[in-house]
Amino acid sequence: MTLGERIRSLRKSKGMTLVDLAGNEITKGMLSLIENDKSKPSMETLQYIAKTLEVSIGYLTQEGDDEWTKAILEYEGFTDSFNFPFEFIEEGILPNLDKVAQNSNGMEVYHVLRVYHRLREQHESADQYTGKINEFYKGMGMEHLTVRNKLDDAVSLMYSRDYVEAYSRILSIEDDVLKFKEYDSNIELDYLYFKSILAASVDTEAHAMIGKEAIKLSFELENFKYFGSLNVILGVYYRYTGNMENAEIYQENLRKYLAFNTQKADWIDYMDLENPISYFYILTGDNEARAVLYESYLSRVAVFQEEHTMKNASAKYYKSIFELELTYFHGNYHEVVEQYHGDMYIRPIAQHPIDRIIMAVRSCIYPLSLYHLDRKEEARAEFKKIEQTIDDIKDSVFAKEFYMIRDIIFEK
1 MTLGERIRSL
11 RKSKGMTLVD
21 LAGNEITKGM
31 LSLIENDKSK
41 PSMETLQYIA
51 KTLEVSIGYL
61 TQEGDDEWTK
71 AILEYEGFTD
81 SFNFPFEFIE
91 EGILPNLDKV
101 AQNSNGMEVY
111 HVLRVYHRLR
121 EQHESADQYT
131 GKINEFYKGM
141 GMEHLTVRNK
151 LDDAVSLMYS
161 RDYVEAYSRI
171 LSIEDDVLKF
181 KEYDSNIELD
191 YLYFKSILAA
201 SVDTEAHAMI
211 GKEAIKLSFE
221 LENFKYFGSL
231 NVILGVYYRY
241 TGNMENAEIY
251 QENLRKYLAF
261 NTQKADWIDY
271 MDLENPISYF
281 YILTGDNEAR
291 AVLYESYLSR
301 VAVFQEEHTM
311 KNASAKYYKS
321 IFELELTYFH
331 GNYHEVVEQY
341 HGDMYIRPIA
351 QHPIDRIIMA
361 VRSCIYPLSL
371 YHLDRKEEAR
381 AEFKKIEQTI
391 DDIKDSVFAK
401 EFYMIRDIIF
411 EK
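Per UniProt numbering, residue 1 is the first one in the sequence shown, and the count goes up by one each step.
Shown next as C-alpha cells:
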C-alpha cells in the first residue's frame, strides 16, 4: 500500500471526507493529489495528517506491517489466563519487531512484550517498552494516553508479583490521573480499581476505603465493569474481619445489581444469584447444598455457551475445575485424588494477588480429599506445597479460609 493509499484508507475507515481531513491546514485539491500519489507531502503536512488520523508518521510511511500486527493481536493464546504464550512471542514476535506497526495496535503488541519481560524478570526491557509507548502517544499529542500507559505499566508489575513497586508506581501517577480524567472519563475508575487490588496486599487499611471510592465512582460514571469484583472483594474483606453488617451491604449491592441487570454474561459470573458473594469456597458447611448449586451453575453456563460465541482459551480449564470441585462436594474423594493435578489451579502467570489466594484455597480439595481418605501425612505435605505458592502474600486477610483448611488438615 502506498502512502496515498494508506491515507485514503485511514480517512475512510474513520468516516472522514476530504474536507474533514484537509481542515484549514491544506486544500482539498492538495489532499486529493497526495492520496492519488501525485504529490508528496512536506514533513509539516505529513505531521498534520498523521495527528488528525491519530496515527504516527512512521505508520503512514509504512513503518511496520499493519496486517501482520492485527493478526498477532488475534492470537487466541492471549485470552488464556492459565498459560502465557512465551513460545509464540519468542518465535513469532521478537524476531519480527520491525513489523510492529506504529499505531495503537502496535502499542498493544508492545504492551504484550512488556508483560513478557515482566514475567521473565527483565524489568529494564519492560520499562523500555513503556518508554516506547509513551513516546508514541506524546508524538501524537495525546498526553492523556501516556497517563493510561503509566497505569498499564504499574499493573504489568503484578505479573512479576512486585506488588510494592506496582503500588508505588500507582501512587506516583495519581495527580496525572486527576489532571487528565476529563480526556478519559474511565481512567480514574481503572486507577481506583487497581489501586484497591494492590492495597489489599500492600496497605490493608487503605484497601476498603479505596474500594468504596471506586464503587461510588462506578455509579457516578454509570460504568459497572468492576462493580461485581469490587463488591465481592469488599464483602469477603468485611466477612473475614468479622463485620457481618458491612459484608451484607455488599452482598445486597450485588443482589440488586443482578436483579436489575439482564445481561446473562454477568449472571454466569455468580454461582448463586441469591447470595452472589461466596464467602467460603470449600468450607461450605453443607456440601450437598453446594453440589446442587454447582450442578445448576454448570448447566446455566453450558446453555450460555451454546447461545453465545466466546473467544476465551481459559474456558476449558475452568470447566474442569468446577467439575472436580463438584466431585469433591459429592464426597468422591478417591476420584478427586485421581483427577487432580496442580496446574489446574496454580497458575504461574496469575498476577492478581487475591485471585492467587482464591485459587490456592480451591486447590485444597486435593489435600482435603487425602485427609478424608486418612492419608494425613500426604495431605499435609500437599498443603505445604500449595502454601508455598502464596508465600509472599500468606499474611493477607483474604487467606482466612486457607488457614482454616490448614487447621483441619493439621488437626489444630
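Each residue gets a CB set at the ideal place from its N, CA and C atoms; glycine is no exception. Owing to the predicted nature of the structure, the values given are computational and were not obtained by experimental measurement.
- By the CB criterion at 8 Å, G23 and T52 fall inside the cutoff.
- Under the three-state reduction of DSSP, L373 is assigned to coil, being neither helix nor strand.
- Counting C-beta atoms within 10 angstroms of its own C-beta, M158 has 16 or more neighbours from the protein chains shown and is therefore classed as buried.
- If you ignore the 5 residues before and after L178, its C-beta comes within less than 8 Å of the C-beta of E188, all in its own chain and listed in chain order.
- Below 8 Å, enough C-beta pairs join the region 233-247 and the region 274-294 to call them touching: three or more.
- Where F304 is concerned, the enclosing alpha helix (DSSP H) starts and stops at N287 to E307.
- Across the set E54, I26 and E121, the C-alpha of I26 shows the shortest separation from the C-alpha of S42.
- In the assembly as shown, S218 is a buried residue. Its beta-carbon has 16 or more other beta-carbons within 10 Å.
- By the neighbour-count definition (other C-beta atoms within 10 Å, threshold 16), V292 is an exposed residue.
- Around the beta carbon of V361, 16 or more other beta carbons lie within 10 angstroms, which makes this residue buried.
- The alpha-carbon separation between F136 and L151 amounts to approximately 16 Å.
- Around I393, the same chain offers S201 and P353 as residues with beta carbons nearer than 6 Å, after the five sequence neighbours per side are excluded.
- Taking C-beta atoms as the reference points, F304 and I357 fail to come closer than 8 Å.
- Nearest in C-alpha terms to K212, of all of Y340, D184, N253 and S185, is N253.
- Of the other Cβ atoms in all chains shown, 16 or more fall within 10 Å of the Cβ of M107; this residue is therefore buried.
- No residue range can be given for Y345, since it is assigned to no alpha helix (DSSP H) and is classified by DSSP as neither H nor E.
- For L97, no alpha helix (DSSP H) segment is defined, and its DSSP state is neither H nor E.
- With a cutoff of 8 Å on beta-carbon distance, A199 and Y167 are scored as near each other.
- Nearest to Y183 by alpha-carbon distance, out of I72, S196 and H144, is H144.
- L97 places its beta carbon 8 Å or farther from that of V55.
- Taking C-beta separations shorter than 7 Å and ignoring five residues to either side along the sequence, the partners of G139 in its chain run S56, following chain order.
- Apart from the 5 residues on each side of it in sequence, E5 sits with its Cβ closer than 8 Å to the Cβ of E35 and D37 in its chain, given in chain order.
- Between the alpha carbons of H123 and S156 lies a distance of about 10 Å.
- Distance from the CA of N103 to the CA of G58, rounded to the nearest whole angstrom, comes to 8 Å.
- P95 and S81 have their C-alpha atoms some 24 Å from each other.
- By a beta-carbon distance limit of 8 Å, A214 contacts L230. Their separation comes to about 5 Å.
- In the structure shown, H111 falls within a helical segment according to DSSP collapsed to helix, strand and coil.
- A residue is called buried when at least 16 other Cβ atoms come within 10 angstroms of its Cβ; E382 meets this threshold and is buried.
- Rounded to the nearest whole angstrom, the CA to CA distance from L258 to I346 is 30 Å.
- Annotation for A200: the continuous alpha helix (DSSP H) segment containing it runs I187 to V202.
- Per the C-alpha coordinates, the member of R380, L221 and A289 positioned closest to P367 is R380.
- A direct Cα-Cα distance of roughly 6 Å separates T61 from L3.
- For F227, the enclosing alpha helix (DSSP H) begins and ends at F227 to Y240.
- With a beta-carbon spacing of about 4 Å, F84 and I349 fall inside the 8 Å limit used to define contacts.
- In terms of Cβ geometry, E295 and L273 do not form a close pair [threshold 8 Å].
- As the crow flies, the alpha-carbon of Y191 is around 32 Å from that of Y297.
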